[in-house]
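Participant: I'd like to ask some things about the structure below.
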Amino acid sequence: MVPNLLFTMSLAGSTVFLLYILAYPFAKKYFSLKWRYGILKIAAAFYLLPVPVYKYLIIDVIYRFFRGRGWENNRRISGMIDMEYIIIIGRDFVEFSSGVSRMLLVVLLSGIISFAIIQRRMIRYWKWKRVRSVNSEKPSDREQELFTKVKKETGIKKDVKFICSEYCRSPMASGILSPVLIFPIWRDRMEADKYEYMLRHELVHIKHHDLFIKYIGLLVISVHWYNPLVYVMFHEISVISEMYCDSIVISGKGEEERRKYSSLILTLATRNEYAGKEKFFVGMADSRSKNVYKRRVLEMKRHTQHKAVLSVIMTVMIGMAGVVTTFAYDSPNTVSGLVDHDVGGDAIFIIEPEEAGNTELPSDHFFADDSGIIIEGKESNEKKLWFN
13 MVPNLLFTMS LAGSTVFLLY ILAYPFAKKY FSLKWRYGIL KIAAAFYLLP VPVYKYLIID
73 VIYRFFRGRG WENNRRISGM IDMEYIIIIG RDFVEFSSGV SRMLLVVLLS GIISFAIIQR
133 RMIRYWKWKR VRSVNSEKPS DREQELFTKV KKETGIKKDV KFICSEYCRS PMASGILSPV
193 LIFPIWRDRM EADKYEYMLR HELVHIKHHD LFIKYIGLLV ISVHWYNPLV YVMFHEISVI
253 SEMYCDSIVI SGKGEEERRK YSSLILTLAT RNEYAGKEKF FVGMADSRSK NVYKRRVLEM
313 KRHTQHKAVL SVIMTVMIGM AGVVTTFAYD SPNTVSGLVD HDVGGDAIFI IEPEEAGNTE
373 LPSDHFFADD SGIIIEGKES NEKKLWFN
């Protein structure tokens, strides 16, 4: 069993993500992009939420549910207390075992590395935010009119700031509480339908809170920086969020519109020299990988046969796999009483079963067979032979 909570959380999140990877060849044919995006969110949740802490609560719920259905929980537990990982707290002292001391050192180093990662990202964010705001200007009346039209069609009610910056090479969105849409300053007049494509794509990002999900992915990296799978998951979250936005923008469009939209994405990708350098923005062309654009274009050409019932079953199975993985965690035991605070060796402990609710005997004279059937007897000196 695993005594480390953080490691168990990392193991559970990795289990869900690995199952996502294994199921992807099947999922891209029969499951929607929304489903794939949702599974990645579940994996991120297992990485960050302390689900293993509630292991025994989950077991107790299962026990209460099946107790009346012939399933019994063995309340007697016996085993060994591992004295390598123990903290002894007395009235005037606190003593750590060598294992706990090493664990605290690892936690301290992990915290320092996590803080350094977060600090580096935040510094870069504020620098890029200032750069994007330099020499910004209001969009033209035509651009503002198209923005208002698409924003209303997208169903976004909160305020979204719309600016144009000469330091921006490709449309992007930034901010969570106060979202900002940043567009390049194009000297040449762009076709209205292409401009609407770009506006709709970025506004869908804002509507789906994709930037917040991206922040969650960065937090997963900061906490589980030692796990190589979290970097792969963050990349996949970024790609799937773009593919999901693409699918909504081209929904109901014909082949010609899809071709024009794909061509627009590739054109923006060649112009954006900042692509792949900033993690705090989302945009149509924020990647430098050719494989990413290939996946996006192929996904737009694919006609997925959605299997709703099968997707629900698969979601439950993947979620249960993550929950079962958390059962590898053993929460620390608390022992109260007078103890010698020498932290060496092992100690045997026994947790006795809980007392029976009814301590009264059924009668003064009775017999119980192996199956638990009680047969009452009468007070008598007469001898009888019982067969069982």
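Under the working numbering, the sequence shown has 125 at position 113, and the numbering climbs by one with no breaks. Using N, Cα and C, we set each Cβ at its ideal position, and we do this for glycine too.
1) May I have the straight-line CA-CA distance separating R59 from M202, to the nearest angstrom?
2) In angstroms, rounded to a whole number, what distance separates the CA positions of F224 and R103?
3) Short check: CB of P151 to CB of F127, under 7 angstroms?
4) Given a cut-off of 7 angstroms on the beta-carbon distance, is the pair T20 and P64 in contact?
5) When burial is assigned at 16 or more other CB atoms within 10 Å of the CB, is H217 buried or exposed?
6) Take V304 and list the residues in its own chain whose beta-carbon comes closer than 6 angstroms to its own, dropping the five residues that flank it on each side.
7) Rank A320, S274, A56 and I100 by C-alpha distance to the C-alpha of L230 and give the top, closest one.
8) For my contact list, K226 and I249 are in at a C-beta cut-off of 8 angstroms; report their separation, rounded to the angstrom.
9) Would you mind sorting F24 into buried or exposed? The rule is 16 or more other CB atoms within 10 Å of its CB.
10) Give every residue of the same chain whose Cβ lies closer than 7 angstroms to the Cβ of G331, excluding the five residues on either side of it in the sequence, and list them in chain order.
11) Check whether the stretch 33–41 and the stretch 307–321 touch, using three or more Cβ-Cβ pairs below 8 angstroms as the test.
12) Compute the Euclidean distance between the alpha carbons of D153 and C180, then round it to the nearest angstrom.
13) So within the stretch 145–218, which uninterrupted beta strand (DSSP E) runs reach at least 3 residues, ignoring any that extend past its ends?
14) So for I98, helix, strand or coil by DSSP?
15) Assess contact between the stretch 233–242 and the stretch 202–213, defined as three or more Cβ pairs (one per stretch) separated by less than 8 angstroms. Is contact present?
Facilitator: On the basis of the data shown:
1) A small correction: the amino acid at residue 59 is Tyr; Arg does not occupy that position in the sequence shown. Rounded to whole angstroms, Y59 to M202 spans 44 angstroms at the Cα level.
2) Taking the straight line joining both Cα atoms gives about 46 angstroms.
3) Against a cut-off of 7 angstroms, the Cβ pair of F127 and P151 comes out as no contact.
4) Taking 7 angstroms as the Cβ cut-off, T20 and P64 qualify as a contacting pair.
5) Around the beta carbon of H217, 16 or more other beta carbons sit within 10 angstroms, so the residue counts as buried.
6) The beta carbon of V304 sits closer than 6 angstroms to those of V251, all from its chain and outside the five residues before and after it, given in chain order.
7) L230 has its Cα closest to that of A56, out of A320, S274, A56 and I100.
8) Right, the Cβ-Cβ distance comes to about 7 angstroms (below 8 angstroms), so this counts as a contact.
9) Correcting the residue type first, residue 24 is Ala in the shown sequence and not Phe. A24 is buried by the Cβ-count criterion.
10) Excluding sequence neighbours, G331 sits near I54.
11) With a cut-off of 8 angstroms, the stretch 307–321 and the stretch 33–41 count as touching, because enough Cβ pairs lie within range.
12) Their Cα atoms are separated by approximately 20 angstroms.
13) Runs found: 173–177, 184–186 and 192–196.
14) Coil at I98, not helix or strand.
15) Result no; under three Cβ-Cβ pairs closer than 8 angstroms.
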